[in-house]
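Undergrad: Pasting a structure below so you can have a look.
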Amino acid sequence: MKPDEIAALLGAQFGARILESKPSPLSPWSVVDPAEILPVCRFLRDDERLRMDHLECLAGVDYKDRIEVVYVLYSMTHRHRYALKCLLPRESARLNSVESIWGAANWHEREAYDLLGIVFEGHSDLRRILLPDDWEGHPLRRDYKFPTSYRDMPV
Amino acid sequence: MEAEYTGDVMTLNMGPQHPSTHGVLRLELKTDGEVVAEAIPHIGYLHRCFEKHAENIEYPGVVPFTDRMDYCAAMNMELGYVLAVEKLMGIEVNNRVRCIRIIMAELNRIASHLIAAGTYGNDMGSFTPFLWCFRDRETILDIFEETCGARLLYNYNWIGGLMCDVLPGFEKRVIDFIDYFEPQVDNLNKLLSDNYIFIKRTANVGIMPPELAINYGVTGPNLRGSGIKFDVRKDEPYLGYEEYDFDVAIGRGEHGPIGSCWDRYMVRIREVKESCKIVRQAVAKMTPGDVQESIPKRIKPAAGEVYHRTECPRGELGYYIVSDGSLKPYRVKVKSPCFTVMGAFRKISRGAMIADIIAILGSVDVVLGEIDR
Amino acid sequence: MGVLEGKFEENVFITSVDWLFNWARSNSPWPLSFGLACCAIEMMATGAARYDLARFGAEVFRGTPRQADVMIVAGTVTMKMATRIKRLYAQMPEPKYVISMGSCSNNGGPYWQYGYHVLKGVDEVIPVDVYVPGCPPRPESLLEGLIQLQKKIRQETIAKPKGSKGAA
Chain S
493 MKPDEIAALL GAQFGARILE SKPSPLSPWS VVDPAEILPV CRFLRDDERL RMDHLECLAG
553 VDYKDRIEVV YVLYSMTHRH RYALKCLLPR ESARLNSVES IWGAANWHER EAYDLLGIVF
613 EGHSDLRRIL LPDDWEGHPL RRDYKFPTSY RDMPV
Chain A
15 MEAEYTGDVM TLNMGPQHPS THGVLRLELK TDGEVVAEAI PHIGYLHRCF EKHAENIEYP
75 GVVPFTDRMD YCAAMNMELG YVLAVEKLMG IEVNNRVRCI RIIMAELNRI ASHLIAAGTY
135 GNDMGSFTPF LWCFRDRETI LDIFEETCGA RLLYNYNWIG GLMCDVLPGF EKRVIDFIDY
195 FEPQVDNLNK LLSDNYIFIK RTANVGIMPP ELAINYGVTG PNLRGSGIKF DVRKDEPYLG
255 YEEYDFDVAI GRGEHGPIGS CWDRYMVRIR EVKESCKIVR QAVAKMTPGD VQESIPKRIK
315 PAAGEVYHRT ECPRGELGYY IVSDGSLKPY RVKVKSPCFT VMGAFRKISR GAMIADIIAI
375 LGSVDVVLGE IDR
Chain G
678 MGVLEGKFEE NVFITSVDWL FNWARSNSPW PLSFGLACCA IEMMATGAAR YDLARFGAEV
738 FRGTPRQADV MIVAGTVTMK MATRIKRLYA QMPEPKYVIS MGSCSNNGGP YWQYGYHVLK
798 GVDEVIPVDV YVPGCPPRPE SLLEGLIQLQ KKIRQETIAK PKGSKGAA
């Protein structure tokens, strides 16, 4: 399916809950209302025409005024790709976890929590994955201050 | 194999320093005697802040950092990044650059699979495959060293072209190596792959069902070992791979259920032979040209984002690059295949014995530099 | 050698014993398999057939620090790993030596500027005897580092340091 067909299908199914769509050939995406991420993802995975069974990438991006969570989805059966985005406020970035839909999201969401501080509600085991458990701060945030030392070791 | 779990559970630590963990991986094993009820991986011991560096360094300067993520297959890591930026900027490279990139990527695939096979044999207790694989790998590293000066981490693929052209006689050296190497694969099979002990240790262990593999986002030889024919080079070709004639190796379950450790290992060995075919075709297709003609004076993509994936030896490597129109990337997110397969490790290692955990870990062939970035 | 060290002045008996101990220690440095990152692959290549480490007596990579003489820190040391390195170093029995292989463990390497999680040099946590530069160092460089370590070991002595009084 072409990106504009996917965007049209999503718009038809979810109406106003899809806030914006940009089905460009280079990198098509749609912005989804964060509260509705679970039904949209479930539809994308289970619908016969879409069958997005492969969560390729779950990235968090810190812009000046918001944090975006980008889900890049791919279908192994139909060979098409589409991306979803959720825009979250920087102070309280909370989102439902899609771990129940794609098992791959388990570790990807832990990494987004670790490096960017996005809290995924409903995640079975949300704790730091790359950094030590007693690390302070979320390094990929734009306003992160490098620590001077960690446990008496200079950084 | 699933085993009944009764009695007390002892927590055993296969710590970050361990001869068989392929790097600094910590496995927390909850064991009941010899049977492992749960094997929980802990990562992050090699987290080198690649994504933070990528936000603060200009586009060409990020290439050496991509090398160091999966250090066994550095050409492929660079290639993924460089192709993503070229897609964002709309740069097309000429035929010579494409052929050389394919030759280097496939030679590096062979080298990486040789490390995988050699260290897997070492983990299973046999030292000779390790020496044979590293001996053959040294010839590949000689070819790389002649071309770009480095044995392991090259900084050879540049955005828009290559660092430098190959030396005269390169084609002959590559073909000589492939002619010498193809019979060596049969020797390795006789020594290791068809060895009774090796088959007994790996053929019924670590079964990964195909639905689990897809749900957990597993790609590459680990996915193909479960019987699913999926290769980025065939499904979404880049660099002209659609013009090359090669097969996609999948696991067939000759010695046990499909999706066992032996299948995943054998997919790698079969892929090595396919890579030899691709290299021969690429050498035949090479034409003279200037490898630096498409390199722009300043790498300054327009604002936008792109997700591009390539087939690296460990699976599907994806780069999600966000550009804000300046000389430095705004965000580079790497989708690492080893990261996703470690997420599924807990599921495939339940009920195995402690010695089987080593077999499963070796068969998924992880490199911690890529997991932790 | 804890019992004999520092008790005697230099004399011909001590120099012969020194020669014997140093010959034994320098010609069989058993490394701890401590490959962290890319330098580990070059260390494995040094142990393989072309750049044979066995001719220096060092091919038996021990799995446990309690049986190892030399710890070749090959690769980037991160904060999470540094606490474990201190513990491993403490578990090694005397005499123990450390070779820091590669620029990451020398002084942080390419990650010196924005690496918030990278320790800028393993000598922040453990004492280092030989530094081998390179990123990654060629196997020949690692062999040169091992030879320098052997030279350093050969200069050791169990005699009392000159000018000191009493047992050490």
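Residue numbers (this note's numbering), protein chains in the order written: chain S, 493 to 647; chain A, 15 to 387; chain G, 678 to 845.
Even glycine gets a Cβ: it sits at the ideal position worked out from N, Cα and C.
In this text the structure is predicted, and so the values were computed from the model without any measurement.
Under 7 Å between the Cβ atoms of histidine 572 of chain S and glutamate 591 of chain S?
TA: Going by C-beta atoms, histidine 572 of chain S is not nearer than 7 Å to glutamate 591 of chain S.
Undergrad: Which of the three DSSP states, helix, strand or coil, is assigned to valine 320 of chain A?
TA: Looking at valine 320 of chain A - three-state DSSP - the assignment turns out to be strand.
Undergrad: Quick one: does arginine 424 of chain A have its CB under 7 Å from some CB of chain G?
TA: Coverage of chain A is limited to positions 15 through 387, which leaves residue 424 of chain A absent and any answer about it impossible.
Undergrad: Tell me, please, whether the CB atom of aspartate 386 of chain A is closer than 7 Å to any CB atom in chain S?
TA: Yes - at least one Cβ of chain S is within 7 Å of the one on aspartate 386 of chain A.
Undergrad: Distance cutoff 7 Å, beta carbons only. Does valine 553 of chain S sit that close to anything in chain A?
TA: Closer than 7 Å to some Cβ of chain A, the Cβ of valine 553 of chain S qualifies, so yes.
Undergrad: Give a yes or no on whether the C-beta atoms belonging to glycine 468 of chain S and tyrosine 230 of chain A are separated by under 7 Å.
TA: For chain S, the structure presents residues 493 to 647; residue 468 of chain S sits outside this window and is missing.
Undergrad: Closest to threonine 753 of chain G by C-alpha separation, out of A:Gly270, A:Cys63, A:Gln295, would be which residue?
TA: For threonine 753 of chain G, the nearest C-alpha among the options comes from A:Cys63.
Undergrad: Counting C-beta neighbours from all protein chains within 10 Å, is the total for isoleucine 559 of chain S 16 or more, i.e. buried, or is it exposed?
TA: So isoleucine 559 of chain S counts as buried.
Undergrad: Around the C-beta of alanine 731 of chain G, are 16 or more other C-beta atoms found within 10 angstroms, so that it is buried, or is it exposed?
TA: Per the 10 Å Cβ criterion, exposed.
Undergrad: Using a Cβ-Cβ cut-off of 7 Å, state whether glutamate 92 of chain A counts as contacting chain G.
TA: It does not; no Cβ of chain G falls within 7 Å.
Undergrad: Do aspartate 386 of chain A and glycine 47 of chain A count as a contact pair if the criterion is CB distance below 7 Å?
TA: No.
Undergrad: Does the contact criterion of 3 or more C-beta pairs under 8 Å hold for the stretch 289-299 of chain A versus the stretch 118-131 of chain A?
TA: Segments in contact, yes.
Undergrad: 7 Å is my cut-off, CB to CB: does histidine 56 of chain A come that close to chain G?
TA: Not one chain G Cβ lies under 7 Å of histidine 56 of chain A.
Undergrad: Could you run through the stretch 237-249 of chain A and flag, in chain order, every residue whose CB is less than 9 Å away from some CB of chain S?
TA: Of all residues in the stretch 237-249 of chain A, Ile242, Phe244, Asp249 have a Cβ within less than 9 Å of some Cβ in chain S.
Undergrad: With a cut-off of 7 Å, does the C-beta of phenylalanine 391 of chain A fall near any C-beta of chain G?
TA: What the structure shows of chain A is the stretch from 15 to 387, and residue 391 of chain A is not part of that stretch, so it cannot be assessed.
Undergrad: Given that tyrosine 85 of chain A touches chain G, what residues does it touch there, using C-beta distances under 7 Å?
TA: Correct list: Ala714, Cys715, Ile718.
Undergrad: Please confirm if proline 302 of chain A has its CB atom under 7 Å from at least one CB of chain G.
TA: No, proline 302 of chain A does not count as interfacial toward chain G.
Undergrad: Checking the sheet assignment: what are the DSSP bridge partners for asparagine 27 of chain A?
TA: Answer is A:Glu42.
Undergrad: Name the residue from S:Ala597, S:Glu583, S:Ile621, S:Glu603 whose alpha carbon lies nearest to the alpha carbon of aspartate 635 of chain S.
TA: Checked all of S:Ala597, S:Glu583, S:Ile621, S:Glu603; the closest Cα to aspartate 635 of chain S is S:Glu583.
Undergrad: According to DSSP, what are the bridge partners of lysine 577 of chain S?
TA: The partner list for lysine 577 of chain S (beta bridge, DSSP) reads S:Val523, S:Val562.
Undergrad: Should valine 802 of chain G and alanine 759 of chain G be called a contact, given that it needs their Cβ atoms to be closer than 7 Å?
TA: The answer is yes: Cβ separation under 7 Å.
Undergrad: Along the beta strand (DSSP E) that carries phenylalanine 612 of chain S, what are the first and last residues, could you check?
TA: Run containing phenylalanine 612 of chain S: 611-613, per the beta strand (DSSP E) assignment.
Undergrad: Based on Cα-Cα distance, which residue from A:Val23, A:Ala131, A:Phe141 lies nearest to glycine 724 of chain G?
TA: When only C-alpha atoms are compared, the closest one is A:Phe141.
Undergrad: Short check: CB of tyrosine 549 of chain S to CB of glycine 383 of chain A, under 7 Å?
TA: Correcting the residue identity first, residue 549 of chain S is cysteine in this sequence and not tyrosine. Result no, Cβ atoms of cysteine 549 of chain S and glycine 383 of chain A do not sit closer than 7 Å.
Undergrad: Run down chain G in chain order and give the residues with a C-beta less than 9 Å from the C-beta of tyrosine 8 of chain A.
TA: Outside the displayed span of chain A (15 to 387) sits residue 8 of chain A, for which this structure offers no information.
Undergrad: Does leucine 26 of chain A have its Cβ less than 7 Å from a Cβ in chain G?
TA: So, not an interface residue.
Undergrad: So which residues of chain G does proline 631 of chain S contact, with C-beta pairs closer than 7 Å?
TA: The answer, in chain order, is Tyr793.
Undergrad: Determine the DSSP secondary structure at glycine 389 of chain A, reduced to helix, strand or coil.
TA: Examination of residue 389 of chain A is not possible in this model, given that chain A is present from 15 through 387 alone.
Undergrad: Within the same chain, show all residues whose beta-carbon is closer than 7 Å to that of serine 703 of chain G, passing over the 5 residues directly before and after it, in chain order.
TA: Closer than 7 Å at the Cβ level, and outside the excluded window around serine 703 of chain G, lie Gln827, Ile830, Arg831.
Undergrad: Could you tell me the distance, in whole angstroms, from the CA atom of glutamate 16 of chain A to the CA atom of cysteine 275 of chain A?
TA: Note that glutamate 16 of chain A has pLDDT 46, beneath the 50 cutoff, so the model's placement of it is unreliable and the number below is only indicative. So the alpha carbons of these two residues sit roughly 16 Å apart.
Undergrad: Identify the continuous beta strand (DSSP E) that holds glutamine 809 of chain G and give its terminal residues.
TA: Reading off the sequence shown, one finds valine at residue 809 of chain G, where the question assumed glutamine. Start and end: 807-809.
Undergrad: Out of curiosity, what's the CA-to-CA distance linking glutamate 603 of chain S and methionine 300 of chain A?
TA: So the alpha carbons of these two residues sit roughly 42 Å apart.
Undergrad: Kindly indicate if chain A contains any beta-carbon less than 7 Å away from that of leucine 547 of chain S.
TA: Yes - at least one Cβ of chain A is within 7 Å of the one on leucine 547 of chain S.
Undergrad: To the nearest angstrom, report how far apart isoleucine 283 of chain A and alanine 131 of chain A are at their CA atoms.
TA: Going from the Cα of isoleucine 283 of chain A to the Cα of alanine 131 of chain A covers about 8 Å.
Undergrad: Cutting at 7 Å between CB atoms, please list the residues of its own chain near aspartate 150 of chain A, excluding the five before and the five after it.
TA: So the list reads Leu128, Phe195, Gln198, once near-sequence residues are dropped.
Undergrad: Please name the residue, chosen from G:Val795, G:Glu821, G:Gly734, G:Gly740, that lies closest to proline 30 of chain A on a Cα-to-Cα basis.
TA: Among G:Val795, G:Glu821, G:Gly734, G:Gly740, the Cα nearest to that of proline 30 of chain A is on G:Gly740.
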